[in-house]
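Enquirer: Mind looking over this structure? Questions follow.
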Amino acid sequence: MTLVFSQLFTGISIGAVLLLIALGLSLTFGQMNVINMAHGEFIMAGAYTVYVVQQIITNAGVSLLVALPVAFLVAGAMGVVLEFLLIRRLYTRPLDTLLVTWGVALILQQLARDIFGAPNVQTRAPDLLTGSITIFSSGDGNDLMVANSRLFILTLALLAVAALTLGLRMTPLGRRIRAVVQNRDLAAASGIATGRVDRMTFFIGSGLAGIAGVALTLVGPIGPTMGTNIIIDAFLVVVVGGIGQLKGTVIVAFALGMMQSLVEYSTTISVAKVLVFLTIVAFLQWRPQGLFTLRTRSLA
Amino acid sequence: MFRVRGRRIAACAAVVATAMTLASCGSRVDQSSSSTAATGAVDASGTTIKVGLLNSLSGTMAISEVTVKNALMLAVDEINAAGGVLGKKIEPVSEDGASDWPTFAEKAQKLISQDRVAAVFGCWTSASRKAVKPVFEKNKALLFYPVQYEGLEQSPYIYYTGATTNQQIVPALDYLKAQGKTSLYLVGSDYVFPRTANKIIKAYADANGMKVLGEDYAPLGSTEFSTITNKVKAAGAGAVFNTLNGDSNVAFFKEYKSAGLTADKMPVLSVSIAEEEVKSIGTQYLADQLTAWNYYQTTPGAANEKFVKAYKAKYGEDKPTSDPMEAAYVSVYLWKAMVEKAGAFDVEKVKAAGAAGDITFDAPEGKVTVDGPTQHVHKTARIGKIGSDGLINEVWNSGEPIKPDPYLKDYAWAKSLA
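Chains A and B, in that order, give the protein sequences. Taking my numbering, the leading residue of the first sequence gets 7, the next gets one more, and so forth. Taking my numbering, the leading residue of the second sequence gets 108, the next gets one more, and so forth.
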C-alpha cells in the first residue's frame with residue numbers, strides 16, 4: 007500500500023518537473039507559435055545561474071532563493087535578444103525558425119562548455135531540500151516518504167501556473183497577449199503594439215525556462231547538454247495539451263508523469279517510455295489539435 | 108488552421124531527421140573506402156618514432172577521454188625527456204574519434220596506413236573498441252586500450268591495460284560478501300557493459316548464496332530515477348551494485364539521498380565513478396559510498412606521488428588523477444618496455460617480447476605485469492570509499508596483483524556464462 011502511494015507521489019513529482027519545463031514553452035510555442043529549439047538551453051542557463059550565484063553567496067538556501075529571480079531575468083533577457091535579433095524576422099517562416107533556433111541552441115551549448123567547462127558542475131542544495139518528510143510510518147522500515155526537493159518543485163510549478171493564469175487574465179499585459187494570440191490583425195488595428203507584446207510574451211516564456219532550470223539543479227545534472235534531454239518532453243506536453251491553452255499543459259504534464267511512474271514500476275523505464283509515446287501517437291490520431299483548443303474567429 | 112500547422116511541424120521533423128541520417132551516413136562511407144587501403148608497416152626509418160593517440164576530443168565522451176589523452180601525453184613527454192625509445196624520440200600523432208564509433212575506425216586506419224605508427228593508444232567505450240578491433244586485426248597493428256571493460260574479449264593485436272571483470276567486479280562482490288551483504292539490487296545503464304557485468308554478478312550471486320532482488324536498466328542519459336529509487340528502497344537489499352554511466356549517476360544519487368537512503372543503511376558500490384565524476388556529481392550526495400577500481404589518486408607509493416605531482420604540474424592543481432588515466436599512462440611505459448626487450452619497433456617482434464610474461468612496470472598503482480597469453484595486465488583490485496573532500500580512500504585491496512582472466516575460466520560458477 008505504501009508503494010502505491012509513493013508511486014502516486016512519484017507520478018505527481020515527475021509531472022511537476024514536466025509542467026515546469028513545458029510552462030514557458032506553452033507561452034512561446036503555444037501562444038506565439040514559435041518553435042524555439044533553444045528553450046532547453048534557456049533552462050540550462052537557469053541551472054548555471056544557480057552555480058554562478060553560489061560562487062558569490064555561499065549559503066545554499068539563500069543562494070537558491072536569490073537564483074530564482076536572477077535566473078528568470080537571465081533567461082528572459084536571452085529570450086528577448088533571440089526574439090529581437092532573429093525570431094521576429096522569421097514569424098512567417100516556421101521551418102527556418104526551427105533551424106535557426108536549433109543553431110542557436112548549439113551555440114549556447116558550446117558557450118556553456120567554453121565558460122564552465124565540458125564536465126557537469128555541482129551545486130549545493132540546502133540541507134532542508136535533500137531530506138524527506140515521513141508521511142506515514144509503516145514500522146517495517148518501508149515508510150511512505152516524500153522528498154522535500156520534489157515538494158519544492160511541485161510548489162514552484164503550481165505557483166508559476168497560478169501567477170501565469172492570473173497574469174494573463176487580470177493584467178493589461180495579459181489582456182494584450184490574449185488579444186494578439188486571438189487575432190493579431192485586429193489587435194494591431196485596435197492600437198496594440200503587437201511587436202512589443204510579442205517581445206514581452208517571449209520574455210516571460212523564456213524567464214519561466216530559467217525558473218525551471220533552477221528547480222532542475224535539485225534533481226538532475228547541470229551540464230552543457232542538459233537542455234537537449236529536456237526539450238522533447240517539453241514539446242510533447244505542449245503539443246498533447248493543445249496549443250494556446252494553459253490548462254491543457256497542466257493536465258497533460260501530470261497525466262504523463264503519472265502514467266510514466268505507474269507503468270515504469272511494473273516494467274522498465276524503456277517500456278514505460280515506449281507506452282507513453284504510443285499513447286500520445288494514438289491520442290493525437292484521435293485529437294490532432296491536442297486536449298484543448300482555442301476557438302477563435304481568425305481566418306489564419 | 109491546425110491541419111496546416113501539423114503538416115509544418117511534420118515537415119520540420121522530417122528535415123531534422125534527414126539531416127541527422129545524412130550526417131551519420133557520411134562517416135560510414137569514408138570508413139569502408141579507407142579500410143581497403145594498403146597495409147602500412149611500422150615506419151621506423153626516421154630519427155623519431157610515431158605513435159597514435161586515438162581519443163574523443165569532441166562529443167559526449169570528450170569529458171572523460173581528454174583526461175586519458177592528457178595522461179598519455181605526460182608519459183610521452185617523460186619518456187622523451189629521458190631519451191626516448193631505442194634512441195628515438197616519440198612523436199605523438201593525435202586523432203579525434205569524436206565520440207562516434209565509425210570515426211574511430213576511420214582514424215585508426217589513417218594512423219596505421221598513412222602515419223604508419225608503431226602503436227596506437229586510446230579508445231574508451233566498448234563500442235569504440237569493438238569498432239576498431241577488426242581494423243587493427245586486419246592490418247596487424249597494435250592498440251593499447253586503457254579502460255576497465257566487460258571482459259570476454261582477447262584480440263591478438265590489443266593490449267588491455269585496464270581491469271577485466273575478475274580484477275574489478277569479482278573482487279567488489281567478494282568485498283560485499285565479506286561485509287555480510289546477502290542481497291543485491293542491480294542498477295545500470297542500458298548498454299553492453301552493464302548487461303554483461305550484471306550477468307556475471309547474477310552467476311556469482313547464485314553460487315555464493317547471495318540474492319539479487321532486482322535489476323533495472325535506464326537508457327543512457329536518462330535523468331529520472333524516482334521510480335527506480337522507490338523500487339530499490341522497497342526491495343530492501345543489502346547493497347546496490349551500480350553500473351550507471353555519465354549524467355544518470357547525478358540524477359540517481361540525488362534521488363537516492365532524497366529518499367533517505369544512506370551509505371550505512373544500503374551502500375551503493377559503483378564501477379564507473381572515479382575522481383573526475385565525483386567532482387561533477389557532488390560530494391554532498393556521494394559521501395561514504397563505495398567504488399571499485401585498481402587505482403586512486405590517494406594510492407600510496409613513490410611512483411604515484413611522482414605521477415600525481417607531474418600531472419598537476421602539467422595540467423593544473425585542481426585536476427584529479429583517476430584509474431583510466433593511470434592505466435593509459437602505464438600503457439605507454441609497457442609498450443616502451445616491450446620494444447626495448449624486442450630491440451625493434453616491428454609489431455610481431457614487440458608481441459613476441461610481450462608474450463613471455465616478464466614485462467613489468469612500477470606503476471602508480473603498484474607493480475603491473477603483462478600477462479603473455481591474454482595480453483591483459485596483472486592488477487591489484489581496490490575498493491574505495493568516497494570522502495567529503497572528493498577524493499577516494501582505499502578501504503580494502505586484494506593484497507597482490509590478480510591474474511587477468513577475461514573469460515573467467517578459473518571460476519567454477521562462471522561456466523554458464525561462456
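Think of the CB as a built atom: it goes at the ideal place given N, C-alpha and C, for glycine as much as any other residue.
Report all residues from its chain with a CB closer than 7 angstroms to the CB of R190 of chain A; omit the five preceding and five following residues, and keep chain order.
Expert: Within the first sequence, residue 190 of chain A is the residue found at index 184, counting from 1. Result list for R190 of chain A: T200, in chain order.
Enquirer: For my contact list, H483 of chain B and Y267 of chain B are in at a C-beta cut-off of 8 angstroms; report their separation, rounded to the angstrom.
Expert: Within the second sequence, residue 483 of chain B is the residue found at index 376, counting from 1. Within the second sequence, residue 267 of chain B is the residue found at index 160, counting from 1. Rounded, the Cβ-Cβ distance is 5 angstroms, consistent with contact.
Enquirer: What residue range does the alpha helix (DSSP H) around L284 of chain A cover?
Expert: Reading the first sequence from its first residue, position 278 is the one you call residue 284 of chain A. Looking at the DSSP string, the run of the alpha helix (DSSP H) that includes L284 of chain A is 275–292.
Enquirer: Helix or strand or just coil, what does DSSP make of W231 of chain B?
Expert: Your numbering for residue 231 of chain B matches position 124 in the second sequence. In the structure shown, W231 of chain B sits in coil (DSSP, three-state: anything other than H, G, I, E or B).
Enquirer: Quick one: measure Cβ to Cβ for A370 of chain B and Q396 of chain B, integer angstroms, because I've assumed they're closer than 8 angstroms.
Expert: Within the second sequence, the letter at position 263 stands for residue 370 of chain B. Within the second sequence, the letter at position 289 stands for residue 396 of chain B. Sure, about 5 angstroms apart at Cβ, within 8 angstroms.
Enquirer: Taking only beta carbons into account, state which residues of the segment 366–387 of chain B come closer than 8 angstroms to chain A, listed in chain order.
Expert: From the segment 366–387 of chain B, only A366, G367, E383, K386, S387 have a Cβ closer than 8 angstroms to chain A.
Enquirer: Please return the same chain residues whose Cβ sits closer than 6 angstroms to the Cβ of A178 of chain B, not counting the five positions on each side in sequence.
Expert: As a position in the second sequence, residue 178 of chain B is number 71, starting the count at 1. So the qualifying residues of the chain are M432, A435, Y436.
Enquirer: Which residues, in chain order, does the segment 410–433 of chain B contribute to contact with chain A at a C-beta distance below 8 angstroms?
Expert: Residues passing the 8 angstroms Cβ filter: none.
Enquirer: Verify whether the separation of the beta carbon atoms of Q275 of chain B and A399 of chain B is less than 8 angstroms.
Expert: Residue 275 of chain B sits at position 168 when you count from the first residue of the second sequence. Residue 399 of chain B sits at position 292 when you count from the first residue of the second sequence. Contact: yes.
Enquirer: Taking Cβ positions only, does G389 of chain B come closer than 8 angstroms to chain A?
Expert: Walking along the second sequence from the start, residue 389 of chain B turns up at place 282. True, the Cβ-Cβ gap to chain A drops below 8 angstroms.
Enquirer: Terminal residues of the continuous beta strand (DSSP E) containing K372 of chain B?
Expert: Locating residue 372 of chain B in the second sequence gives position 265, where the first residue counts as 1. Note, K372 of chain B: premise wrong, no beta strand (DSSP E); not H, not E.
Enquirer: At a cut of 8 angstroms, does the segment 250–270 of chain A reach the segment 25–39 of chain A through at least three beta carbon pairs?
Expert: Result yes; three or more Cβ-Cβ pairs closer than 8 angstroms.
Enquirer: From this set, B:G408, B:G479, B:I499, B:D469, which residue's C-alpha is nearest V378 of chain B's C-alpha?
Expert: As a position in the second sequence, residue 378 of chain B is number 271, starting the count at 1. Nearest C-alpha to V378 of chain B: B:I499.
Enquirer: How would you call E362 of chain B, buried or exposed, if buried means at least 16 neighbouring beta carbons within 10 angstroms?
Expert: In the second sequence, the residue the question calls residue 362 of chain B occupies position 255. The residue is buried, with at least 16 neighbouring Cβ atoms inside 10 Å.
Enquirer: Are the segment 225–245 of chain B and the segment 196–211 of chain B touching, with three or more C-beta to C-beta distances below 8 angstroms?
Expert: They touch, by the three-pair rule.
Enquirer: Measuring straight from C-alpha to C-alpha, what distance separates A148 of chain B and S290 of chain B?
Expert: The residue labelled residue 148 of chain B in the question sits at position 41 within the second sequence. The residue labelled residue 290 of chain B in the question sits at position 183 within the second sequence. Going by the C-alpha atoms only, they are around 53 angstroms apart.
Enquirer: How would you call L129 of chain B, buried or exposed, if buried means at least 16 neighbouring beta carbons within 10 angstroms?
Expert: In the second sequence, counting from the first residue as 1, residue 129 of chain B sits at position 22. For L129 of chain B, the pLDDT reaches just 45, beneath the cut-off of 50, and the residue's location in the model is therefore unreliable, although a value from the coordinates is still provided. Looking at its Cβ environment, which holds fewer than 16 other Cβ atoms inside 10 Å, L129 of chain B is exposed.
Enquirer: Going along the chain, which residues of the segment 265–286 of chain A sit with their C-beta nearer than 7 angstroms to a C-beta in chain B?
Expert: Here the close residues are S267, E270, Y271, T274, I275, S276.
Enquirer: Please state the DSSP three-state secondary structure of T161 of chain A.
Expert: Within the first sequence, the letter at position 155 stands for residue 161 of chain A. Helix.
Enquirer: Do Y282 of chain B and A344 of chain B count as a contact pair if the criterion is CB distance below 8 angstroms?
Expert: For this step, residue 344 of chain B is matched to residue 237 along the second sequence. For this step, residue 282 of chain B is matched to residue 175 along the second sequence. No, they are not a contact pair.
Enquirer: Is there a Cβ from chain A that is less than 8 angstroms from the Cβ of T330 of chain B?
Expert: Counting from one through the second sequence, the residue named residue 330 of chain B turns up at place 223. T330 of chain B counts as touching chain A.
Enquirer: Taking Cβ-Cβ distances shorter than 7 angstroms, what residues in chain B pair up with S143 of chain A?
Expert: In the first sequence, the residue the question calls residue 143 of chain A occupies position 137. What S143 of chain A touches in chain B: nothing, since even the nearest Cβ is about 12 angstroms away.
Enquirer: In the segment 169–186 of chain A, which residues sit with their C-beta less than 9 angstroms from some C-beta in chain B, listed in chain order?
Expert: If the cut-off is 9 angstroms between Cβ atoms, the segment 169–186 of chain A has nothing near chain B.
Enquirer: Using only alpha-carbon positions, find the residue among B:P253, B:V477, B:G191 that is nearest to T155 of chain B.
Expert: Indexing the second sequence from 1 puts residue 155 of chain B at position 48. For T155 of chain B, the nearest C-alpha among the options comes from B:G191.
Enquirer: Taking T274 of chain A as the reference, give the member of B:F332, B:S152, B:A341 with the closest Cα.
Expert: The residue given as residue 274 of chain A occupies position 268 in the first sequence. Considering only alpha carbons, the answer is B:F332.
Enquirer: Contact criterion: CB-CB distance below 8 angstroms. Does D512 of chain B meet it with respect to chain A?
Expert: Taking the second sequence and counting its residues from 1, the one referred to as residue 512 of chain B is at position 405. Cβ-Cβ to chain A under 8 angstroms: no for D512 of chain B.
Enquirer: Looking at the structure shown, is S131 of chain B part of a helix, part of a strand, or coil, going by DSSP?
Expert: For the purposes of this step, residue 131 of chain B is identified with residue 24 of the second sequence, where counting begins at 1. Because S131 of chain B carries a pLDDT of 43, less than 50, the predicted location of this residue cannot be relied on, and no value is offered for it.
Enquirer: Compare the Cα-Cα distances from G506 of chain B to each of B:K474, B:V375, B:T405 and report the closest residue.
Expert: Indexing the second sequence from 1 puts residue 506 of chain B at position 399. Comparing Cα positions, the closest option is B:K474.
Enquirer: At which residues does the beta strand (DSSP E) containing V200 of chain B begin and terminate?
Expert: Counting from 1 along the second sequence, the entry for residue 200 of chain B is found at position 93. Note, V200 of chain B: beta strand (DSSP E), 196–203.
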